[in-house]
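Residue numbers (the working numbering), protein chains in the order written: chain B, 1 to 336; chain P, 1001 to 1336.
Since the structure comes first, as structure tokens, the remarks are kept for the end.
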DNA sequence: TTGAAAGCGCTAACAC
DNA sequence: GTGTTAGCGCTTTCAA
């Protein structure tokens, strides 16, 4: 492999001139620049990443900790990952995927393999937070823990989301609503997220004088059936449902159908899920989108922005937007 | 951050002794070793990855090129990724995720960011192959291109797979079979994979004197319905189906049902898909498993094995295994 | 069993 | 606008 000295020699300049030409950190006469470029080209020169990292304390790599256990809304995870990778690429960075195992965070950060870290699937009281808070590298959490300990966070604003979904249905005239929510384990682990959603939902219902029911749901066929059965028992006159559980969504729709409830004829349905999930159902579902790509992108931008203490740490909650599709309508007039 | 010199000083030994103690490349007296360990501990020393890479020409990182576009059997991709990451971790390596963009391969390899590369989603005539073949680092392809140009490949043995699936049904007594295969675009891109499967399937059918039909299928609801309609028109007496298209699988089952064909009562069904997909259906599907984790694992092992030209390049086709579940049975006796 | 010292390839003062 | 040079922190001969 050609080194920077080879390039310098071939271009008839000093090593530092080549380095500066590459980084743009000082002006280079256009003639010199041309000779350097030619040399780089002809030698197919690429700076050695390790050497660069050693000399500059910058690796050009951001670490991404993603939950890789399959079965858990893999689609959603992949979308976050895609957002992170594309934002990193746009900022000339690569992405190192790290597993959840104990100690990797310390190792990856401690050995200076990465410039910054993005951590997904943050639990309310996540054990990784104190570790992350003690690192030299900036870290951004995707999710909103109870105590971020000064770390930056990005997440969808679930309080607004709950309100937005409920209000859409209330505005259509519905008065008896239900929230079919996250699996109970998730509720317990990620308190903040399901709780914020619920509070927003409940608040909107109460403000509008609607009645409501909140039901946690396992992300399985049986779980969805059970929740719908429960719903049909407790509130057979429900006319509108918010589903905040992308894995259960299709099963909920199917289960409603077994009770003779068609969407949207008998029951209007708003889902909280990535757009791709919403449009993949039939009928296409009116949804509050979880802007996975945007969140991943924001996480990287915030992390990289903090590099030279340029930007301060911050908590960023993205406002939800609702996309009106084919699963909601005004309730049928009650039989006279 | 503490450096190796800090450790050496605190332990009262030379820098090289610390280095050797760490790498185990030469014997260290147990007393010295103890002092070094203590120093490392008390200073919380971690070797600098860049410095190490510079001095040793080894990064401890393997690059993984995975298709990140969502919508394409993300589950399957994630399983491969999980296999790669866990195998890499087991071998004390980290994983750098790289995108499909033009030039990244050259950059990542050229700048010595990785020790080896694993590339997923290989097409029959993939443009990346010549690039990979020209790199200093070993590369392993997941898939089997027309011309591997000396690169190592891992894949499921799809020829055997086709035969195995067909034979399972033939052995049960079925004589009129169909293969509902990959989307036509995939067939055209990844020729080898769909083609090998088809040849295995057809071969087994002909050997047993069964009749057969092969139908490419789009991975959508409409695509599955259309394929089933075609099947029911062309071969209404079909009693056994092999589905090699995990995205379409549930839709195919649903579509069959609309024609009054229950699985397995009227039609036996064997799927070719990851085990998790097979057991997630109802009824659980008899399947030839795509051993995604094992393939990912094998890819990393092969790549790392080639590091010092230790192992030669090779093509490895994993033998399929069939898991008998609830979707196959002998055909009903024809009405007398 | 251990130490001294020469790099690995690059960046960024500092000097002109 | 360009060159000189001192590191960055580690591995690995070579020598003892």
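Every residue gets a Cβ at the ideal spot worked out from N, C-alpha and C, and that includes glycine.
Computed from a predicted model, the values in this text were never measured in an experiment.
Does the distance from the CB of residue i to the CB of residue j come in under 8 Å?
{"i": "residue 62 of chain B", "j": "residue 82 of chain B", "result": "no"}
{"i": "residue 1267 of chain P", "j": "residue 1256 of chain P", "result": "yes"}
{"i": "residue 1054 of chain P", "j": "residue 54 of chain B", "result": "yes"}
{"i": "residue 269 of chain B", "j": "residue 290 of chain B", "result": "no"}
{"i": "residue 220 of chain B", "j": "residue 75 of chain B", "result": "no"}
{"i": "residue 1251 of chain P", "j": "residue 1224 of chain P", "result": "yes"}
{"i": "residue 1162 of chain P", "j": "residue 1216 of chain P", "result": "no"}
{"i": "residue 1126 of chain P", "j": "residue 1145 of chain P", "result": "yes"}
{"i": "residue 67 of chain B", "j": "residue 121 of chain B", "result": "yes"}
{"i": "residue 1152 of chain P", "j": "residue 1313 of chain P", "result": "yes"}
{"i": "residue 326 of chain B", "j": "residue 264 of chain B", "result": "yes"}
{"i": "residue 273 of chain B", "j": "residue 301 of chain B", "result": "no"}
{"i": "residue 1116 of chain P", "j": "residue 1307 of chain P", "result": "yes"}
{"i": "residue 1183 of chain P", "j": "residue 1315 of chain P", "result": "no"}
{"i": "residue 78 of chain B", "j": "residue 1078 of chain P", "result": "yes"}
Anything in chain B within Cβ reach of residue i, meaning under 8 Å, just list it in chain order.
{"i": "residue 1096 of chain P", "result": "61, 94, 95, 96 and 97"}
{"i": "residue 1078 of chain P", "result": "68, 70, 74, 77 and 78"}
Which stretch, first to last residue, makes up the beta strand (DSSP E) that contains residue i?
{"i": "residue 1061 of chain P", "result": "1061-1065"}
{"i": "residue 1125 of chain P", "result": "First-last for residue 1125 of chain P: undefined, no H or E at that position."}
{"i": "residue 119 of chain B", "result": "116-119"}
{"i": "residue 1272 of chain P", "result": "1268-1273"}
{"i": "residue 413 of chain B", "result": "Since the first residue of chain B shown is 1 and the last is 336, residue 413 of chain B is not available in this structure."}
{"i": "residue 1184 of chain P", "result": "First-last for residue 1184 of chain P: 1184-1189, but that is the alpha helix (DSSP H), not the beta strand (DSSP E)."}
Following the continuous alpha helix (DSSP H) through residue i, name the residue where it begins and the one where it ends.
{"i": "residue 1020 of chain P", "result": "1015-1023"}
{"i": "residue 89 of chain B", "result": "74-90"}
{"i": "residue 234 of chain B", "result": "221-234"}
{"i": "residue 1304 of chain P", "result": "1292-1305"}
{"i": "residue 1006 of chain P", "result": "1004-1011"}
{"i": "residue 1238 of chain P", "result": "Neither: residue 1238 of chain P is in no alpha helix (DSSP H) and is coded neither H nor E."}
{"i": "residue 1258 of chain P", "result": "1249-1258"}
{"i": "residue 53 of chain B", "result": "49-56"}
Could you tell me which chain B residues have their CB closer than 9 Å to the CB of residue i, listed as they occur along the chain?
{"i": "residue 1053 of chain P", "result": "48, 49, 50, 51, 53 and 54"}
{"i": "residue 1327 of chain P", "result": "Result: empty, since nearest Cβ-Cβ is about 16 Å, beyond 9 Å."}
{"i": "residue 1319 of chain P", "result": "Correct list: empty, because the minimum Cβ distance to chain B is about 23 Å."}
So, for residue i: in the same chain, excluding its five sequence neighbours on each side, which residues have a beta-carbon less than 6 Å away from its beta-carbon?
{"i": "residue 1299 of chain P", "result": "1118, 1140, 1142 and 1154"}
{"i": "residue 212 of chain B", "result": "177 and 205"}
{"i": "residue 1259 of chain P", "result": "1232"}
{"i": "residue 193 of chain B", "result": "158"}
{"i": "residue 44 of chain B", "result": "none"}
{"i": "residue 1064 of chain P", "result": "1084, 1095, 1097 and 1118"}
{"i": "residue 175 of chain B", "result": "210"}
{"i": "residue 1018 of chain P", "result": "1004, 1007, 1008 and 1036"}
{"i": "residue 196 of chain B", "result": "158 and 159"}
{"i": "residue 1240 of chain P", "result": "1169, 1174, 1177 and 1268"}
{"i": "residue 1296 of chain P", "result": "1080, 1083 and 1084"}
Listing by chain order, which chain P residues have their CB less than 9 Å from the CB of residue i?
{"i": "residue 245 of chain B", "result": "None at all; the shortest Cβ gap to chain P is about 16 Å."}
{"i": "residue 234 of chain B", "result": "Going along chain P, no residue has its Cβ under 9 Å from residue 234 of chain B, so there is no contact; the nearest lies around 26 Å."}
{"i": "residue 85 of chain B", "result": "1068, 1097, 1098 and 1099"}
{"i": "residue 282 of chain B", "result": "1221"}
{"i": "residue 217 of chain B", "result": "Correct list: empty, because the minimum Cβ distance to chain P is about 17 Å."}
So which residues on chain B does residue i lean against when the C-beta distance must stay under 7 Å?
{"i": "residue 1111 of chain P", "result": "46, 47, 48 and 49"}
{"i": "residue 1198 of chain P", "result": "What residue 1198 of chain P touches in chain B: nothing, since even the nearest Cβ is about 28 Å away."}
Tell me whether residue i counts as near the ligand FMN, meaning its Cβ is closer than 7 Å to at least one heavy atom of that ligand.
{"i": "residue 1168 of chain P", "result": "This structure does not include the ligand FMN; it has no bound ligands of any sort."}
Just to make sure I have the definition right: I need the residues of chain P whose C-beta is within less than 8 Å of the C-beta of residue i. Which are they?
{"i": "residue 107 of chain B", "result": "1046"}
{"i": "residue 32 of chain B", "result": "Near residue 32 of chain B there are no residues of chain P at all, since even the closest Cβ is about 23 Å away, more than 8 Å."}
{"i": "residue 277 of chain B", "result": "Simply none; closest approach about 10 Å."}
Near residue i, which residues of its chain fall below 8 Å by C-beta distance, leaving aside the five closest residues on each side in sequence?
{"i": "residue 1319 of chain P", "result": "1157 and 1160"}
{"i": "residue 32 of chain B", "result": "11, 13, 17 and 21"}
List the residues of chain P whose Cβ lies closer than 7 Å to the Cβ of residue i, in chain order.
{"i": "residue 3 of chain B", "result": "Those within 7 Å of residue 3 of chain B in chain P number zero; the least Cβ separation is about 11 Å."}
Below 7 Å CB to CB, which residues in the same chain sit around residue i once its five sequence neighbours on both sides are set aside?
{"i": "residue 230 of chain B", "result": "215"}
{"i": "residue 336 of chain B", "result": "Below a pLDDT of 50, predicted positions are generally treated as unreliable, and residue 336 of chain B, at 47, falls in that range; no measurement from the model is reported."}
{"i": "residue 281 of chain B", "result": "249, 250 and 253"}
{"i": "residue 164 of chain B", "result": "288, 320 and 322"}
{"i": "residue 305 of chain B", "result": "311"}
{"i": "residue 15 of chain B", "result": "4, 5 and 8"}
{"i": "residue 292 of chain B", "result": "76, 79, 80, 83 and 274"}
Query - Segment contact flag, the stretch 115-132 of chain B with the stretch 167-176 of chain B, C-beta cutoff 8 Å, min 3 pairs - result: Short answer: they don't touch.
Requested in this report: Could you say if the stretch 1020-1027 of chain P and the stretch 45-61 of chain B meet the contact criterion of at least three C-beta pairs nearer than 8 Å?
Outcome: no
Query raised in the report: Would you say the stretch 1002-1021 of chain P touches the stretch 1033-1043 of chain P, given that touching needs at least three Cβ pairs under 8 Å?
Result: yes
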